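Structure first, commentary second.
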Amino acid sequence: MIRLLSQGEGGITVELGTEVEPVVNARVHALARAVARDLGARVLEVVPSYASLLVVFDPLRTARAPLARRLEALARQVAGAAPEPPRRVVRVPVCYGGELGPDLEEVARRAGLPPGEVVALHAAPVYRIYLLGFTPGFPYLGGLDPRLACPRLDSPRLRTPAGSVAIAGLQAGIYPVESPGGWRVLGRTPLRLFDPAPGAARPFLLAAGEGLRFVPVGREAYEETARAVAAGGFEPEVER
Amino acid sequence: MIAVVKPGLLCTVQDAGRPGWRASGMPVAGAMDRLALAAANLLAGNEPGAAAVELTLAGGTWRFEAPALAALAGADLSATLDGSPLPPWSSFLAPAGSTLAFGACRAGVRAYLAVRGGVAVPPVLGSRSTYTRAAVGGLEGRALRAGDRLPVGRPTGRPPPPQALGPEERPPCGGGARLRVLLGPQEDRFTEEGIATFLGTAWKVTPQNDRMGYRLEGPAVRLRGAADILTDPILPGAVQVTGSGLPIAMMVDCHTAGGYAKIATIAGPDLRLLAQARAGDEVRFAACRQAEAVAALRAERAWIDGLARRVARAAGGKAGSRRAR
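Protein chains in written order, with the working numbering: chain A, 1 to 240; chain B, 1001 to 1325.
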């Protein structure tokens, strides 16, 4: 069911569903592309989330009613089409456990699995990046194996280091910047998800709508990649 | 350069914000009072969206290392230049070595200190605004502290003479306010009674207020079901209602997505009125329609364009064609 919701004089939220579902989220990203293609400069920004797309516009230049009619037509087209798979899958190396993944043992205990099996299950799927939020560049990932589902930490950590690869409930994610956090940390990636340096070629490593796969690496490979990332110009592996 | 002798409570570099990156989870940030930012900049001979310093309640002490045309707008923080009082919403010539000091906050919360040429910290993702939670923009992504020195950009065009807005010309700043809202996006999650409570209450601003959000206190706003919704995108001005039934108005540093039902969205031009309210002040919400909110936006732009023309005339140049972003 498609609903158009008002968000202030310069925002329209197009709601394509009310559940976390891969198909609905794929449609949200298809709609984001369709809006960018079809409406160009008449919209300022499109912001995807799980099941809805926020369209930001300047109401002094773009009238709401015709924009809303066009958005509804585009949403109907997208809803009728088969959802596309992610166009690229970014491979994210992760060093699991130990000081870089302080919650791996506890997650294994709760799941009743050996830690190695937790790593294998976490690194198996191609995740969908449903949206980026919470902190700049934080990917909310769909596709976690339900056997790994576990509640958040009882008391959140004041500092979760940048690069922490974590889970909470059925959600998986990566902390792009050091921040407080209640998710359980399984490991750490040496990749930089958010690079705010002035003039950085690509400030955000990931984009919503893409796919992501975790690749377990040892401490040595982790350190080596971390050095390459620090030196600049590091390109992650991508499956197409 | 401008040196920070004594920092105020929360002094950060802010400009018109960092739109365009919400899809990557980057909040827009920028000045909490965009009209006061524009006024300070125009009075200082800058574009309305240039980078300035946002001062909060206590303004601290500053030293101009080089002569500068500077301006203040927004809250009245009892400013003095080398001991002589400066009126709020005015520009002034600061000689090299002069000291700008602030005292008691007499009205409002946030004041803007603009300097001709703008604060020239490096832009990040197209903006100089500070977003402290991710250490982005401004000076090292943080609030200013003693010993910091702010670079000033190279000015262009003819400098306007120092001038001041008369008391009757100044936009309202501080105290209670009536905030126009458009209902939605999730007004259907609230009972009729809940919406009547929301629109009929004088809400008290709580001490839990910052650049991210303002928690308000009053009677519980009745929801039809749970307050939680599937996380969806939010814009500054959105008024979330938590499970307790109390509203939180989202401000410029708010996250790009949230999971509470949003009963209404404050009209863009009125968000500054909340940004200038402090704990204990009372605010009311008044429902308006799209046409009224757009008219308010047009009036805000007209006020900024009018000030730009006046400053340009005073500078002896042609009437300005500067426009708000």
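Even glycine gets a Cβ: it sits at the ideal position worked out from N, Cα and C.
These numbers come from a predicted model, not from an experiment.
For residue i, list the residues DSSP reports as bridge partners.
i	result
Ile1248(B)	Arg1215(B), Gln1240(B)
Phe1285(B)	Leu1179(B)
Ser1084(B)	Leu1081(B)
Ala1068(B)	Ala1094(B)
Thr13(A)	Leu5(A), Leu54(A)
Arg1149(B)	Ala1003(B)
Thr1056(B)	Ala1058(B), Arg1110(B)
Ile1266(B)	Val1181(B)
Please report whether the beta-carbon of residue i lies at a distance below 7 Å from any beta-carbon of chain B.
i	result
Thr18(A)	yes
Gln7(A)	yes
Leu71(A)	no
Phe138(A)	yes
Pro86(A)	no
Thr135(A)	yes
Leu54(A)	yes
Ser155(A)	no
Leu132(A)	yes
Ser164(A)	no
Thr160(A)	no
Arg202(A)	no
Tyr127(A)	no
Gly11(A)	yes
Val24(A)	no
Ala230(A)	no
Is any beta-carbon of chain A found at less than 7 Å from that of residue i?
i	result
Met1026(B)	yes
Val1053(B)	no
Ala1308(B)	no
Thr1201(B)	no
Thr1132(B)	no
Pro1185(B)	yes
Asp1396(B)	Outside the shown range of chain B, which is 1001 to 1325, sits residue 1396(B), and nothing can be said about it.
Ala1293(B)	yes
Pro1023(B)	The displayed chain sequence assigns Ala, not Pro, to residue 1023(B). Closer than 7 Å to some Cβ of chain A, the Cβ of Ala1023(B) qualifies, so yes.
Thr1061(B)	no
Val1136(B)	yes
Take the Cβ of residue i as the centre, count every other Cβ of all protein chains shown within 10 Å, and call the residue buried at 16 or more, exposed below.
i	result
Gln77(A)	exposed
Leu60(A)	exposed
Gln1208(B)	exposed
Lys1006(B)	exposed
Met1001(B)	exposed
Val43(A)	buried
Thr1012(B)	buried
Gly169(A)	exposed
Glu239(A)	exposed
Gly1059(B)	buried
Arg1170(B)	buried
Thr1130(B)	buried
Ser155(A)	exposed
Val1109(B)	buried
Ala36(A)	exposed
Thr13(A)	buried
Ala65(A)	exposed
Thr1197(B)	buried
Leu158(A)	exposed
For residue i, does the three-state DSSP call read helix, strand or coil?
i	result
Ile2(A)	coil
Thr1256(B)	coil
Gly1157(B)	coil
Ala226(A)	helix
Thr189(A)	coil
Arg88(A)	coil
Val24(A)	helix
Thr1360(B)	Residue 1360(B) lies beyond the residue range present for chain B, which begins at 1001 and ends at 1325; the question has no answer from this structure.
Gly1020(B)	coil
Phe1198(B)	helix
Gln974(B)	In the structure as shown, chain B begins at 1001 and stops at 1325. Residue 974(B) is therefore absent and cannot be evaluated.
Ile1234(B)	coil
Gly80(A)	helix
Trp1203(B)	strand
Arg1116(B)	coil
Glu45(A)	strand
Q.
Between the stretch 1136–1149 of chain B and the stretch 1036–1048 of chain B, can you find at least three pairs of beta-carbon atoms closer than 8 Å?
A. Using a Cβ-Cβ distance cut-off of 8 Å, the stretch 1036–1048 of chain B and the stretch 1136–1149 of chain B are not in contact, since fewer than three pairs of beta carbons, one from each stretch, lie closer than that value.
Q: Would you check if the stretch 1288–1299 of chain B and the stretch 1309–1317 of chain B touch, i.e. whether three or more CB-CB distances between them fall below 8 Å?
A: Fewer than three pairs of CB atoms, one per stretch, sit closer than 8 Å, so the stretch 1309–1317 of chain B makes no contact with the stretch 1288–1299 of chain B.
(Q) For the stretch 1132–1141 of chain B against the stretch 1013–1023 of chain B, do three or more pairs of beta-carbon atoms, one drawn from each stretch, fall closer than 8 Å, so that the two count as touching? (A) Output reads yes: the stretch 1013–1023 of chain B touches the stretch 1132–1141 of chain B.
Q) Are the stretch 74–91 of chain A and the stretch 14–27 of chain A touching by the rule of at least three beta carbon pairs closer than 8 Å? A) Yes, the stretch 74–91 of chain A is in contact with the stretch 14–27 of chain A.
Q: Specify whether the stretch 1271–1285 of chain B and the stretch 1201–1215 of chain B touch according to this definition: at least 3 beta carbon pairs, one from each stretch, less than 8 Å apart.
A: Yes, the stretch 1271–1285 of chain B touches the stretch 1201–1215 of chain B.
**Q.** Cβ pair count under 8 Å reaching 3, the stretch 216–223 of chain A against the stretch 93–112 of chain A
**A.** Because the criterion of three Cβ pairs below 8 Å is met, the stretch 216–223 of chain A and the stretch 93–112 of chain A touch.
(Q) Tell me whether the stretch 1214–1222 of chain B and the stretch 1161–1175 of chain B touch, counting them as touching only if at least three CB pairs, one residue from each stretch, are closer than 8 Å. (A) Result no; under three Cβ-Cβ pairs closer than 8 Å.
(Q) For the pair the stretch 1023–1035 of chain B and the stretch 1061–1072 of chain B, tell me if three or more CB-CB distances fall below 8 Å. (A) Fewer than three pairs of CB atoms, one per stretch, sit closer than 8 Å, so the stretch 1023–1035 of chain B makes no contact with the stretch 1061–1072 of chain B.
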